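Taken in sequence, the protein lines are chains A and B. Under the working numbering, think of the first position of the first sequence as 572, with each following residue one higher. Under the working numbering, think of the first position of the second sequence as 201, with each following residue one higher. This report refers to the structure that appears directly beneath it.
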Amino acid sequence: GENVEQHPSTLSVQEGDSAVIKCTYSDSASNYFPWYKQELGKRPQLIIDIRSNVGEKKDQRIAVTLNKTAKHFSLHITETQPEDSAVYFCAARSGGGADGLTFGKGTHLIIQP
Amino acid sequence: DAEITQSPRHKITETGRQVTLACHQTWNHNNMFWYRQDLGHGLRLIHYSYGVQDTNKGEVSDGYSVSRSNTEDLPLTLESAASSQTSVYFCASSEATGVTEAFFGQGTRLTVV
Numbered sequence: 572g573e574n575v576e577q578h579p580s581t582l583s584v585q586e587g588d589s590a591v592i593k594c595t596y597s598d599s600a601s602n603y604f605p606w607y608k609q610e611l612g613k614r615p616q617l618i619i620d621i622r623s624n625v626g627e628k629k630d631q632r633i634a635v636t637l638n639k640t641a642k643h644f645s646l647h648i649t650e651t652q653p654e655d656s657a658v659y660f661c662a663a664r665s666g667g668g669a670d671g672l673t674f675g676k677g678t679h680l681i682i683q684p
Numbered sequence: 201d202a203e204i205t206q207s208p209r210h211k212i213t214e215t216g217r218q219v220t221l222a223c224h225q226t227w228n229h230n231n232m233f234w235y236r237q238d239l240g241h242g243l244r245l246i247h248y249s250y251g252v253q254d255t256n257k258g259e260v261s262d263g264y265s266v267s268r269s270n271t272e273d274l275p276l277t278l279e280s281a282a283s284s285q286t287s288v289y290f291c292a293s294s295e296a297t298g299v300t301e302a303f304f305g306q307g308t309r310l311t312v313v
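Below you can see the structure in the form of structure tokens.
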């Protein structure tokens with residue numbers, strides 16, 4: 572089955588700086604890579620996703636890049652703000668899309684004022 | 201508005217008891233999933249369903265069962281609760297076709313004593 576590794580487990584950055592979270596996956600058939608943000612005590616919520624036929628996607632301060640050859644994808648947050656503090660999870664879905672997502676173990680992002 | 205809801209939000213039960221966690225979605229999604237979330241493990245897939253009368257085992261299915269008698273509901277049953285099943289449980293749903301976003305419920309915090 573799919574295996575997703577996520578690094579770092581904790582990331583502390585100064586407000587206004589950029590943050591980068593990296594993930595690798597094992598199944599070359601995986602074709603959908605979402606990123607979820609989870610605030611303390613809340614449900615995971617999708618912030619951005621990318622499909623395997625796209626190399627990069629951007630939505631305001633958030634961007635995701637995908638390297639299918641190397642089987643890794645990254646989340647980039649620019650101009651970080653206090654409300655960006657949360658746990659971020661990457662995930663991968665293989666096959667036809669109906670199977671459940673395989674998640675990384677999460678990155679606790681801390682924005683220092 | 202369409203949504204996905206879980207009940208109860210919190211539950212304390214004794215070892216050996218049978219427990220059922222409810223999940224109800226009004227998105228009319230064919231795909232439904234159950235995950236458990238534990239510190240250091242992220243979100244792990246327990247069971248999933250592609251539609252009515254369909255159920256499949258995920259990564260950590262031992263000790264759990266699901267049934268799908270209609271589109272809206274996927275209850276999760278712990279046959280004989282164990283302390284190792286103390287966790288936060290999330291239900292999710294997604295559309296059947298293509299690779300699409302999974303929407304999560306609010307979560308159920310289960311404590312087995």
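All C-beta atoms, glycine included, are put in the ideal place defined by N, C-alpha and C. What you are looking at is a predicted structure, and each value in this text was computed from that prediction instead of being measured.
Limits of the beta strand (DSSP E) - the one that residue i falls within
i	result
ASP620 of chain A	616-622
ALA302 of chain B	Here ALA302 of chain B belongs to no beta strand (DSSP E), and DSSP marks it neither H nor E.
ALA641 of chain A	Per DSSP, ALA641 of chain A belongs to no beta strand (DSSP E) and is neither H nor E.
ASP605 of chain A	It is Pro, not Asp, that sits at residue 605 of chain A in the sequence shown. Per DSSP, PRO605 of chain A belongs to the beta strand (DSSP E) from 603-609.
GLN577 of chain A	575-578
VAL591 of chain A	590-596
SER583 of chain A	581-585
THR220 of chain B	219-225
Bridge partner(s) assigned by DSSP for residue i
i	result
ILE246 of chain B	DSSP, once it has assigned bridges, lists no residue as partnering ILE246 of chain B.
ASN158 of chain B	What the structure shows of chain B is the stretch from 201 to 313, and residue 158 of chain B is not part of that stretch, so it cannot be assessed.
LYS211 of chain B	B:LEU310
ASP238 of chain B	B:GLY242
HIS229 of chain B	Answer is none; HIS229 of chain B lacks a bridge partner.
VAL658 of chain A	A:GLN609 and A:HIS679
Environment of residue i [buried if 16+ CB atoms lie within 10 Å]
i	result
LEU239 of chain B	exposed
ARG632 of chain A	exposed
DSSP state of residue i mapped onto helix, strand, coil
i	result
GLN285 of chain B	helix
ASP262 of chain B	coil
GLU650 of chain A	coil
ASP273 of chain B	strand
ASP630 of chain A	strand
For residue j and residue i, believed in contact at Cβ under 8 Å, the rounded distance
i	j	result
GLN609 of chain A	ALA657 of chain A	6 Å
LEU276 of chain B	TRP234 of chain B	5 Å
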